Amino acid sequence: MPWKHWSAERLGLALAVLAALGFSFKAIFVKLAYAVPQPVAVDAVTLLALRMAFSLPFFAWMGWRAHRAAGGAGLDRRSLVWVVALGLLGYYGASILDFLGLQYISASLERLILFTYPLLTILIGVFFFGKRLGWPEGAALLLSYAGIGLAFAHDLHLTADMRTVLLGSALVLGSALSYAFYQAGSEPAIARLGAMRFSALALLVSTFATLAHFAATQPLAALQQPLPVYGHALGMAVFSTVLPVLMTSAAIRHIGAGRTALVGSLGPVMTIFFSAWLLGEALSWWQLGGAALVLSGVLLIGISRQRTTSRPAAAAQPAKPPHLAAHR
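Following this line, the structure appears as structure tokens:
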């Protein structure tokens, strides 16, 4: 293999690993912000508003680039409806449910539940778009939800309040479902607008919806937080949103979308170990077994899709890049 090709592959793999590391840190930043000592802990809406506000300059720059690339053309009514609806589902609705869920369950369990959104996307395709459920998808579902069951039992063992674990798990599962609907519904929008333009507009819709939610439900004084809260929100915006998005895009250019997605499967395992190291969360064989099952399910789907897209008929079509994954 020529040196330049080998070097590009190594660079792509390194970028994919760094992106997975950045995304896996989101739950850690949220938990650290909730734990900052103060009379009343920062609420989910305020923390999400800070994250999106810090990310807004990047989203605006991306939207401007996409607008210029499209020749300054505006959106027709149908495209506008799709962008607004999917932006609200994918980044606003999913993120707010995720942040609320992290108030009740461990970061490790949150990451495992959230990581099932590719499987939920497949189920949505089966129930709403007439797609078929093959044996790899069925096996992946069984593996992943068996893994979540193990991780759920671990959290339940550590607390006497079953309602807390149930509520947090339900909120995060709602987050994964919301993002799965975004994934399933975004394909026609991407076909009309292009991946970059659609993702930029959806992120901007989500940002303004989040800020409007904050303005409608929280006093302006809620933005007065201790410096560590601002630091964690800024870290979330830069290291768990903006940089991973850029690194994921660069990794896809070097090693393709399929391999980048498979490397991203490292995220839940990273979150489990960082949760134990930085947050002091208990690490058990139940969690590790649950993580192994969830990862096996997601990898089974990834390998199955990679084999499908490697066929000659599919190879002629350009690979659809994953969306910017700010929710992750």
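Numbering-wise (UniProt numbering), the sequence shown opens with residue 1 and increments by one.
Glycine included, every Cβ here is placed at the ideal spot set by N, Cα and C.
Note that the structure is a prediction, hence the values are computed from the model and not measured.
Roughly how many whole angstroms lie between the Cα atoms of residue i and residue j?
{"i": "G72", "j": "G63", "result": "11 Å"}
{"i": "G297", "j": "Q224", "result": "43 Å"}
{"i": "W285", "j": "A66", "result": "46 Å"}
{"i": "F59", "j": "S186", "result": "18 Å"}
{"i": "V245", "j": "L56", "result": "14 Å"}
{"i": "L102", "j": "R51", "result": "15 Å"}
{"i": "G168", "j": "L100", "result": "7 Å"}
{"i": "P219", "j": "A49", "result": "13 Å"}
{"i": "A153", "j": "L295", "result": "18 Å"}
{"i": "F274", "j": "A291", "result": "14 Å"}
{"i": "A315", "j": "L119", "result": "The predicted position of A315 is uncertain, since its pLDDT is 43 and thus under 50; a value taken from the coordinates is nonetheless stated next. Roughly 23 Å between the two C-alpha positions."}
{"i": "L201", "j": "G93", "result": "16 Å"}
{"i": "F128", "j": "R78", "result": "20 Å"}
Measuring alpha carbon to alpha carbon, tell me which of the options ends up nearest residue i.
{"i": "D98", "options": "A41, S144, A170", "result": "A170"}
{"i": "M270", "options": "K26, L11, L13", "result": "K26"}
{"i": "V165", "options": "A200, L133, Y104, G174", "result": "Y104"}
{"i": "L21", "options": "L283, P228, T248, I255", "result": "T248"}
{"i": "F54", "options": "V238, F23, I190", "result": "V238"}
{"i": "A16", "options": "A94, A250, W61", "result": "A250"}
{"i": "S199", "options": "I28, L88, A8", "result": "L88"}
{"i": "G149", "options": "H254, L299, G289", "result": "G289"}
{"i": "I96", "options": "A195, G12, A176", "result": "A176"}
So, is residue i buried or exposed, given that buried needs 16 or more other C-beta atoms within 10 angstroms?
{"i": "P268", "result": "buried"}
{"i": "T217", "result": "exposed"}
{"i": "L142", "result": "exposed"}
{"i": "Q183", "result": "buried"}
{"i": "V40", "result": "exposed"}
{"i": "W135", "result": "exposed"}
{"i": "W82", "result": "buried"}
{"i": "M236", "result": "buried"}
{"i": "L86", "result": "buried"}
Once DSSP output is grouped into helix, strand and coil, what is the label at residue i?
{"i": "A70", "result": "coil"}
{"i": "P183", "result": "According to the sequence displayed, residue 183 carries Gln and not Pro. Correct three-state label for Q183: helix."}
{"i": "P188", "result": "helix"}
{"i": "E281", "result": "coil"}
{"i": "K131", "result": "coil"}
{"i": "P268", "result": "helix"}
{"i": "Q287", "result": "helix"}
{"i": "Y91", "result": "helix"}
{"i": "Y104", "result": "coil"}
{"i": "P57", "result": "helix"}
Between which two residues does the alpha helix (DSSP H) carrying residue i extend?
{"i": "A41", "result": "It is not in any alpha helix (DSSP H) - A41 carries neither H nor E in the DSSP assignment."}
{"i": "E110", "result": "107-114"}
{"i": "D98", "result": "94-101"}
{"i": "T217", "result": "195-217"}
{"i": "residue 338", "result": "For residue 338 there is no data in the structure shown, the boundaries of the chain being 1 and 328."}
{"i": "L234", "result": "227-237"}
{"i": "S79", "result": "77-87"}
{"i": "Y34", "result": "26-34"}
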